[in-house]
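A.B. asks:
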Amino acid sequence: MGSYIGRAGIQQYSQSQELEADSLGVRYLSRTGYDTRAMGSFLTKMRAFSKLENRRLGRPEDAMDRLSIFASHPRTLKRIERAIKTAARLRSGSRIGRVDYMAMLHGVVYGDDLEQGIIRGRDFIHPLLKFRFTVPEGFRLINNQNSVVATNIEGSSIHFDMGPKTYNGPMARYLKYVWAPKARLNDVESIMVNGMDGAGGGATIQRRGGVFNLRFVAVRNKNNKIFRLLFVTPRLKTRQLSSELRRTTFSLRTLSNREASAITPATIRVKAVNADETIESIIQQMALTSFREQTFRVLNDLGPNENLRTGQLIKIVAKR
């Protein structure tokens, strides 16, 4: 209990620090002649982007507005309200600096960087570690710091990470005694995945949501590094998903040097709108596989029915 209380205190301290940083930011805007309302509008855009990300990940849109004592960030709504109140008390300049800001954004990496691997639709690709795999239709990929997770709306999930150490022994033994010694694995088998030695095995667990089947798969590359996939499915969905999850296992493969060097991150590209361009034509240039128009509108602070003006500077997500 003491650790929980301590963590809550640290997180609340972090929240207060961010609110203070927002307040200082508004003061600095005032002192340098910028429009002090810019902080409030910036945070409003942040909230709109968070809502879009929540939609993309299948979460409630307002998830970021639900305050928890364990949250490291204050609610965005609270930050917006504080920024607006602070701005109202200070002298505001008229400087916006939009052109300078857009020039600085041009070429900035959007989304995942090469060092963390890149999500392209249902594919996860890591050009530095030289591997890739594909998840089934209906699963959404999330790239965390030390793992990749894919989930669907029916409660199934796929968890990928890499073993902390190299291993050159039998892969079935790795599965049973190194990775999952407490899982009581059954049906452990040796497998070959695109020329790489591996092993797979199953287990069952009971959770609040019911009974879940687990499928552990470990695969070793030529450098003795271990790729690990854990499939978690509600027992009643396991048979339905088995062939698709098997395809995910066998989609795991290494990349050649040429393939790896061809992978580049998406970047922000700034351009002026031409007279013959529309939102519909511009979003076809976006290096995204879903939510193209919604992302474009959020990036450019456009309302749901707002159109573009000739010469207007806009941001698009493009391949480098």
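Using our numbering, the first residue of the sequence shown is number 46, and each one after it goes up by one.
Note that beta-carbon positions come from the ideal geometry of N, C-alpha and C, so glycine has one too.
1) Quick one: grab the DSSP three-state call for ILE170.
2) Contact between the region 272 to 283 and the region 250 to 264 is defined here as three or more beta-carbon pairs at a separation below 8 Å; is this criterion met?
3) Quick one: using the 10 Å Cβ neighbour count with 16 as the cut-off for buried, is LEU230 buried or exposed?
4) Check whether the Cβ atoms of LEU173 and LEU186 lie closer than 7 Å to each other.
5) Whole alpha helix (DSSP H) runs in the region 251 to 315 with 4 or more residues, listed along the chain?
6) Among VAL144, PHE184 and VAL193, which residue has its Cα nearest to the Cα of GLU199?
7) Using a Cβ-Cβ cutoff of less than 6 Å, which residues in the same chain neighbour ILE50 once the five nearest sequence positions on both sides are dropped?
8) In whole angstroms, what is the alpha-carbon distance linking ARG76 and PHE87?
9) With respect to the alpha helix (DSSP H) encompassing GLU338, which residues constitute its N-terminal and C-terminal limits?
10) Expressed to the nearest angstrom, what Euclidean distance is found between the alpha-carbon atoms of VAL153 and TYR79?
11) According to the neighbour-count rule (16 or more other Cβ atoms, all chains shown, within 10 Å of its Cβ), is ASN266 buried or exposed?
12) Residue range of the alpha helix (DSSP H) that MET331 falls in?
13) Between MET207 and ALA248, what straight-line distance do the alpha-carbon atoms span, to the nearest angstrom?
14) Taking 7 Å as the cut-off, decide whether the C-beta atoms of ALA317 and LEU358 are in contact.
15) By the DSSP assignment, the beta strand (DSSP E) with ARG143 in it spans what residues?
16) How would you write the range of the beta strand (DSSP E) that ALA195 sits in, first residue to last?
17) Indicate the three-state DSSP secondary structure (helix, strand or coil) for PHE178 in the structure shown.
18) If you compare alpha carbons, which of ARG280, ASN239 and ALA244 is closest to GLN251?
19) Which same chain residues end up closer than 7 Å to LEU300 when comparing Cβ atoms and leaving out the 5 residues on each side of it in sequence?
20) Using a Cβ-Cβ cutoff of less than 7 Å, which residues in the same chain neighbour VAL180 once the five nearest sequence positions on both sides are dropped?
C.D. replies: Well, looking at it:
1) Position 125 of the sequence shown holds residue 170. Here ILE170 sits in strand by DSSP.
2) At 8 Å Cβ cutoff, the stretches touch.
3) Here residue 230 is taken as the residue at index 185 of the sequence shown, counted from 1. That one is buried.
4) Start at 1 with the first residue of the sequence shown, and residue 173 comes out as number 128. Start at 1 with the first residue of the sequence shown, and residue 186 comes out as number 141. Their beta carbons are not under 7 Å apart, which means LEU173 does not touch LEU186 by this criterion.
5) Fully enclosed alpha helix (DSSP H) runs of 4 or longer: 280 to 296 and 302 to 306.
6) For the purposes of this step, residue 199 is identified with residue 154 of the sequence shown, where counting begins at 1. Nearest C-alpha to GLU199: PHE184.
7) As a working note, residue 50 is residue 5 in the sequence shown. Because ILE50 carries a pLDDT of 34, less than 50, the predicted location of this residue cannot be relied on, and the following value inherits that uncertainty. Excluding its 5 nearest sequence neighbours in each direction, ILE50 has no C-beta neighbour in its own chain below 6 Å.
8) Here residue 76 is taken as the residue at index 31 of the sequence shown, counted from 1. Here residue 87 is taken as the residue at index 42 of the sequence shown, counted from 1. ARG76 and PHE87 have their C-alpha atoms some 18 Å from each other.
9) The sequence position of residue 338 within the sequence shown is 293, counting from 1. Bounds of the alpha helix (DSSP H) holding GLU338 are 337 to 344.
10) If you number the sequence shown from 1, residue 153 lands on position 108. If you number the sequence shown from 1, residue 79 lands on position 34. Note on geometry: alpha-carbon atoms of VAL153 and TYR79 lie some 24 Å from one another.
11) Along the sequence shown, read from residue 1 onward, the residue named residue 266 stands at position 221. In summary, ASN266 is buried, with 16 or more beta-carbon neighbours lying within 10 Å of its beta-carbon over all protein chains present.
12) On the sequence shown, position 286 is the one that residue 331 refers to. For MET331, there is no enclosing alpha helix (DSSP H), as DSSP marks it with neither H nor E.
13) To locate residue 207, count along the sequence shown from 1; it is residue 162. To locate residue 248, count along the sequence shown from 1; it is residue 203. Cα atoms of MET207 and ALA248: separation of roughly 20 Å, rounded to the nearest angstrom.
14) Mapped onto the sequence shown, residue 317 falls at position 272. Mapped onto the sequence shown, residue 358 falls at position 313. For ALA317 and LEU358, yes; Cβs fall inside 7 Å.
15) Locating residue 143 in the sequence shown gives position 98, counting from the first residue. ARG143: not part of any beta strand (DSSP E); member of the alpha helix (DSSP H) spanning 143 to 150, first to last residue.
16) Residue numbering aside, residue 195 sits at position 150 when the sequence shown is read from its first letter. Segment 193 to 196, the beta strand (DSSP E) holding ALA195.
17) Locating residue 178 in the sequence shown gives position 133, counting from the first residue. PHE178 falls in the strand class under three-state DSSP.
18) By 1-based counting over the sequence shown, the position of residue 251 is 206. When only C-alpha atoms are compared, the closest one is ARG280.
19) Within the sequence shown, numbered from 1, the residue matching residue 300 stands at position 255. Excluding residues within five positions, the ones whose Cβ falls inside 7 Å are PRO172, LYS175, PHE176 and ARG177.
20) In the sequence shown, residue 180 corresponds to position 135, counting from 1. If you ignore the 5 residues before and after VAL180, its C-beta comes within less than 7 Å of the C-beta of ARG167, LEU186, ALA195, ILE203 and THR293, all in its own chain and listed in chain order.
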